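Novice: Under the working numbering, the first residue of the sequence shown is numbered 1, with each subsequent residue one higher. Glycine included, every Cβ here is placed at the ideal spot set by N, Cα and C. Keep in mind that this is a model prediction, so the values were computed, not measured.
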Amino acid sequence: MKVDDSRLERIVTAAAAAPSVHNTQPWDVQLGRDRMMIHADTSRQLRHVDPLGREMLISCGAFLFNVRVAARRESLVAVPLILPHPGDPLLVATVLFKPGVDPDIDELDLAVAIKRRTTSRAPFDDEPLDTDVLLELEVAARSDGGSLRLIHPTDPARPAVIQLMRRAEALAAEDAVAAEEESAWVSRTPERHDGIPEEMLSSTSQDEQAPVRHFSAGAPRSEFEHRSTLAVLLTPGDEPHDWISAGQALERLLLVATTYFVRASFATTVLENPTTRHDLARTLDLVGHPQMLMRLGYTTEQQHTPRRTIQEITSPRPGPPTV
Numbered sequence: 001m002k003v004d005d006s007r008l009e010r011i012v013t014a015a016a017a018a019p020s021v022h023n024t025q026p027w028d029v030q031l032g033r034d035r036m037m038i039h040a041d042t043s044r045q046l047r048h049v050d051p052l053g054r055e056m057l058i059s060c061g062a063f064l065f066n067v068r069v070a071a072r073r074e075s076l077v078a079v080p081l082i083l084p085h086p087g088d089p090l091l092v093a094t095v096l097f098k099p100g101v102d103p104d105i106d107e108l109d110l111a112v113a114i115k116r117r118t119t120s121r122a123p124f125d126d127e128p129l130d131t132d133v134l135l136e137l138e139v140a141a142r143s144d145g146g147s148l149r150l151i152h153p154t155d156p157a158r159p160a161v162i163q164l165m166r167r168a169e170a171l172a173a174e175d176a177v178a179a180e181e182e183s184a185w186v187s188r189t190p191e192r193h194d195g196i197p198e199e200m201l202s203s204t205s206q207d208e209q210a211p212v213r214h215f216s217a218g219a220p221r222s223e224f225e226h227r228s229t230l231a232v233l234l235t236p237g238d239e240p241h242d243w244i245s246a247g248q249a250l251e252r253l254l255l256v257a258t259t260y261f262v263r264a265s266f267a268t269t270v271l272e273n274p275t276t277r278h279d280l281a282r283t284l285d286l287v288g289h290p291q292m293l294m295r296l297g298y299t300t301e302q303q304h305t306p307r308r309t310i311q312e313i314t315s316p317r318p319g320p321p322t323v
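(1) Comparing the C-beta of Cys60 with each C-beta of chain D, is any distance below 7 Å?
(2) What does DSSP give as the partner residue(s) for His278 in the beta ladder?
(3) Ends of the beta strand (DSSP E) at Arg68?
(4) Rounding to the nearest angstrom, what Cα-Cα distance links Leu110 and Val49 in this structure?
(5) Roughly how many angstroms lie between the CA atoms of Glu225 and Ala264, to the nearest whole one?
(6) Compute the Euclidean distance between the alpha carbons of Ile162 and Asp144, then round it to the nearest angstrom.
(7) State the DSSP-derived secondary structure class of Ser147, mapped to helix, strand or coil.
(8) Report the rounded CA-to-CA distance for His241 versus Asp106, giving the unit in angstroms.
(9) Around the C-beta of Arg166, are 16 or more other C-beta atoms found within 10 angstroms, so that it is buried, or is it exposed?
(10) In three-state terms, what does DSSP make of Thr119?
(11) DSSP has Lys2 in a bridge; who is on the other side?
(12) Checking 7 Å against the spacing of the C-beta atoms, do Ile151 and Leu230 come in under that value?
(13) Expressed to the nearest angstrom, what Euclidean distance is found between the alpha-carbon atoms of Pro99 and Arg47?
(14) Measuring alpha carbon to alpha carbon, tell me which residue in Ala257, Leu108, Gln303, Gln291 is nearest Asp130.
(15) Could you name the residues of the same chain whose beta carbon sits closer than 8 Å to that of Ala281, not counting the 5 residues immediately before and after it, in chain order?
(16) With DSSP as the reference, identify every bridge partner of Leu91, one or two as the case may be.
(17) Can you list, in chain order, the residues of its chain with a C-beta nearer than 6 Å to that of Pro123? Leave out the 5 residues immediately preceding and following it.
(18) Can you give me the Cβ contacts of Leu57 inside the same chain, cut-off strictly under 6 Å, excluding the 5 residues immediately before and after it?
(19) Do Ala15 and Val67 have their beta-carbon atoms positioned less than 7 Å apart in this structure?
(20) Which same chain residues, not among the five before or five after Thr276, have their C-beta less than 7 Å away from its C-beta?
(21) Hey, how far is the Cα of Ala184 from the Cα of Ala17?
(22) Closest to Arg54 by C-alpha separation, out of Leu201, Leu137, Ala40, would be which residue?
(23) Taking DSSP as the reference, what is the three-state secondary structure of Pro159?
(24) Contact check, Gly237 vs Cys60 under 8 Å by CB: the rounded distance?
(25) Taking DSSP as the reference, what is the three-state secondary structure of Gln362?
(26) Please report the straight-line C-alpha distance between Arg308 and Val77, rounded to a whole angstrom.
(27) In this structure, how does DSSP classify Thr258 when only helix, strand and coil are distinguished?
(28) In this structure, how does DSSP classify Ile25 when only helix, strand and coil are distinguished?
(29) Quick one: grab the DSSP three-state call for Arg308.
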């Protein structure tokens, strides 16, 4: 079966809306007549804070999940063959497209949510999430092999988790190389198609107990809510295929959240430091490996970070491995 080029382009465009660490968009795609090959682009890896490529592969996993969702909107079924391939160590997945039935309502809702999903960097409404929403998010995380540890506003462990976040950020602030690496992904020109635009770092917390990341870019400080829900996404293992699974579980969770007008703000620093990552697991008595810590809440904010064009994402790659 040959897939029409316009359908492939729509799938790639939708997939590229996936979240990625510092909006690095570390994916490279090769398109075939009925398949797509997704590679990790190590030139976009945060070499200092993400030396193993864990966050890079989580980002690629989110891209892969969007491919699956966008394919269903085109009445296709995306069948991924995920790592490893000994002849191509940067290959994340080969995706084979097969004809499928028309998408159902739930599949269409997720596809529409791809465009609506945004990462929040501003205060949420100061109210907890509805119980039914939290249950849906837990189910979403489990659907792709992950699990979710919710940290409610009244959770006794919450202050200790926030302390760990602050500790990790303090340690990162003393790391000149990490600060330089972060600064390189702050976009200061409108022509740039990646990174986080400087104007979107609109506010950081003036409250040390607020569950929000402090960016080093010198953003103005403001009041943040105290009753948002924190959540830790977990995987059973901690190998590259687990990181890709984490990315897929994360994006499903985020798209489901978007259908309920819930947005997420990521706190990656605490997981980039091996010591604070271990301490987080111990503090919460986690069963599994923490792959993402996020803050979830209601907000009307809808700022989108820029995205690379399809021409920038796709590239020829000789000798593609076969499925």
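Specialist: To lay it out plainly:
(1) As a matter of chain content, chain D is missing from the structure shown, which is built from one protein chain.
(2) Translated into the one-based positions of the sequence shown, residue 278 becomes position 278. For His278, which the question treats as bridged, DSSP gives no partner whatsoever.
(3) Here residue 68 is taken as the residue at index 68 of the sequence shown, counted from 1. Careful: Arg68 lies outside any beta strand (DSSP E), inside the alpha helix (DSSP H) at 54-73.
(4) Position 110 of the sequence shown, counted from the start, is the residue given in the question as residue 110. Position 49 of the sequence shown, counted from the start, is the residue given in the question as residue 49. Rounded to the nearest angstrom, the gap between the Cα atoms of Leu110 and Val49 is 31 Å.
(5) The residue given as residue 225 occupies position 225 in the sequence shown. The residue given as residue 264 occupies position 264 in the sequence shown. Their backbone Cα atoms lie some 13 Å apart in a straight line.
(6) Translated into the one-based positions of the sequence shown, residue 162 becomes position 162. Translated into the one-based positions of the sequence shown, residue 144 becomes position 144. Distance between the alpha carbons of Ile162 and Asp144 is about 27 Å.
(7) Locating residue 147 in the sequence shown gives position 147, counting from the first residue. In this structure, Ser147 counts as strand in the three-state DSSP scheme.
(8) Taking the sequence shown and counting its residues from 1, the one referred to as residue 241 is at position 241. Taking the sequence shown and counting its residues from 1, the one referred to as residue 106 is at position 106. Each residue's Cα considered, the two are about 27 Å apart.
(9) If you number the sequence shown from 1, residue 166 lands on position 166. Result: buried.
(10) In the sequence shown, counting from the first residue as 1, residue 119 sits at position 119. Looking at Thr119 - three-state DSSP - the assignment turns out to be strand.
(11) Here residue 2 refers to the residue found at position 2 when the sequence shown is read from its first residue. DSSP, once it has assigned bridges, lists no residue as partnering Lys2.
(12) To locate residue 151, count along the sequence shown from 1; it is residue 151. To locate residue 230, count along the sequence shown from 1; it is residue 230. Yes, they are a contact pair.
(13) The sequence position of residue 99 within the sequence shown is 99, counting from 1. The sequence position of residue 47 within the sequence shown is 47, counting from 1. Whole-angstrom Cα-Cα distance: 40 Å.
(14) Reading the sequence shown from its first residue, position 130 is the one you call residue 130. Among Ala257, Leu108, Gln303, Gln291, the Cα nearest to that of Asp130 is on Ala257.
(15) Here residue 281 is taken as the residue at index 281 of the sequence shown, counted from 1. For Ala281, where only same-chain residues beyond five positions count, the Cβ hits under 8 Å are His289, Pro290.
(16) Along the sequence shown, one-based indexing puts residue 91 at 91. His39, per the DSSP bridge assignment.
(17) Residue 123 sits at position 123 when you count from the first residue of the sequence shown. Same-chain partners within the cutoff: Phe224, Glu225.
(18) As a first step, residue 57 must be located in the sequence shown, where it is residue number 57. Only Pro240, Trp243, Ile244 meet the Cβ criterion.
(19) Counted from its first residue, the sequence shown places residue 67 at position 67. Counted from its first residue, the sequence shown places residue 15 at position 15. Contact: yes.
(20) As a working note, residue 276 is residue 276 in the sequence shown. Leu164, Arg167, Ala168, Val270.
(21) Along the sequence shown, one-based indexing puts residue 184 at 184. Along the sequence shown, one-based indexing puts residue 17 at 17. So the alpha carbons of these two residues sit roughly 21 Å apart.
(22) Here the question's residue 54 lines up with position 54 in the sequence shown. Nearest Cα to Arg54 within the set Leu201, Leu137, Ala40: Ala40.
(23) By 1-based counting over the sequence shown, the position of residue 159 is 159. Helix at Pro159.
(24) As a working note, residue 237 is residue 237 in the sequence shown. As a working note, residue 60 is residue 60 in the sequence shown. The distance from the Cβ of Gly237 to that of Cys60 is about 17 Å, inconsistent with a contact at the 8 Å cut-off.
(25) What is shown of the chain runs 1 to 323, which leaves residue 362 out entirely.
(26) Residue numbering aside, residue 308 sits at position 308 when the sequence shown is read from its first letter. Residue numbering aside, residue 77 sits at position 77 when the sequence shown is read from its first letter. In this structure, the straight-line span from the alpha carbon of Arg308 to that of Val77 is close to 25 Å.
(27) Counting from one through the sequence shown, the residue named residue 258 turns up at place 258. The answer is helix: DSSP assigns Thr258 an H, G or I state.
(28) Within the sequence shown, numbered from 1, the residue matching residue 25 stands at position 25. The identity of residue 25 in the sequence shown is Gln, whereas the question assumes Ile. Correct three-state label for Gln25: coil.
(29) Residue 308 sits at position 308 when you count from the first residue of the sequence shown. Taken through DSSP and simplified to helix, strand or coil, Arg308 comes out as coil.
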